Amino acid sequence: MASYQMGDLKKGLKIEIDGIPFKIVEYQHVKPGKGPAFVRVKIKSFIDGKVLEKTFHAGDKCDAPNLEEKQMQYLYDDGENCQFMDTESYEQVAISDEDVGEAKKWMIDGLMVQVLFHNGKAIGVEVPQVVELKIVETQPNFRGDTQGSNKKPATLESGAVVQIPFHVLEGEVIRVDTVRGEYIERAGK
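Position in the sequence shown counted from 1, then plus 147, gives you this note's numbering.
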């Protein structure tokens, strides 16, 4: 397993500390007037999403985590776990609703997602940044509701609720930014 020293650290690097995989989200190299230089980082856990601060000094080492991403197809939610399938080997993996997290509100049956594995165990799911979903419930359109700044809530087929313009109607398919949770446009444009 590869290991990193203080000079190897940078923003975006994935490291492992005490068996837990982290991603460096903030990086600061500090060279005080007295004493040796050190690196202060903020790291985010892939397991529970917590952000920690850690200081590395010359000679400190950390390991590269055994992480693997696989593209898998979301099959269904059985009430406790979400079921995913590797479309090449047809192997199925169950991931708890807790580990799937926020991604679940954008997933519908058949959606291709990235599943993150740590030492062979599925620990997280990442949905595409843009997904197309059908509006299953929203208020009807009223005459005069043409102002671009006015929005109304819409429930999507995945269960997520987003704000949409008044001219968009129930039954239409829209494109949604899953990172910001916002309406982008009608699909097919």
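Using N, Cα and C, we set each Cβ at its ideal position, and we do this for glycine too.
If you're wondering where the values come from, they're calculated on a predicted model, not measured in any experiment.
(request) Could you give the DSSP three-state label for methionine 254: helix, strand or coil? (result) Coil, per DSSP.
(request) At 3 residues or longer, and completely inside the region 198-243: list those beta strand (DSSP E) runs for me, N to C. (result) Within the region 198-243, the complete beta strand (DSSP E) segments at least 3 residues long are 198-204, 208-210, 214-224, 228-232 and 239-243, listed from N- to C-terminus.
(request) Using beta-carbon positions only, say whether valine 262 and methionine 219 come within less than 8 angstroms of one another. (result) Against a cut-off of 8 angstroms, the Cβ pair of methionine 219 and valine 262 comes out as a contact.
(request) Give me the Cα-Cα distance between valine 309 and tyrosine 330, rounded to the nearest whole angstrom. (result) Rounded to the nearest angstrom, the two C-alpha atoms are 7 angstroms apart.
(request) Determine, using beta carbons only, whether glutamate 163 and cysteine 209 come nearer to each other than 8 angstroms. (result) The answer is yes: Cβ separation under 8 angstroms.
(request) Count the other CB atoms, across all protein chains shown, that sit within 10 Å of the CB of threonine 234; report buried if there are 16 or more and exposed otherwise. (result) With fewer than 16 other Cβ atoms within 10 Å, it is exposed.
(message) So if DSSP puts glutamine 152 in a beta bridge, which residue, or which two residues, is it bridged to?
(response) Under DSSP, glutamine 152 shares a beta bridge with Lys208.
(request) Assess, as a yes-or-no matter, whether the region 190-208 is touched by the region 149-162 under the definition of 3 or more beta carbon pairs within less than 8 angstroms. (result) Contact between the region 149-162 and the region 190-208 is present, because at least three Cβ pairs lie under 8 angstroms.
(request) Run the CB neighbour count on leucine 156, radius 10 Å, all protein chains shown included, and call it buried at 16 or more, exposed below. (result) Classification for leucine 156: buried.
(request) Put aspartate 195 into one of helix, strand or coil per three-state DSSP. (result) Look at aspartate 195 here: in three-state DSSP terms it is coil, with no helix or strand label.
(message) Let me check one thing: in DSSP terms, what residues is arginine 327 bridge-paired to?
(response) DSSP output for arginine 327 lists no bridge partner at all.
(message) Please identify the residue among Asp224, Ile282 and Pro300 whose C-alpha is closest to the C-alpha of proline 251.
(response) In the sequence as displayed, the identity of residue 251 is lysine instead of proline. For lysine 251, the nearest C-alpha among the options comes from Asp224.
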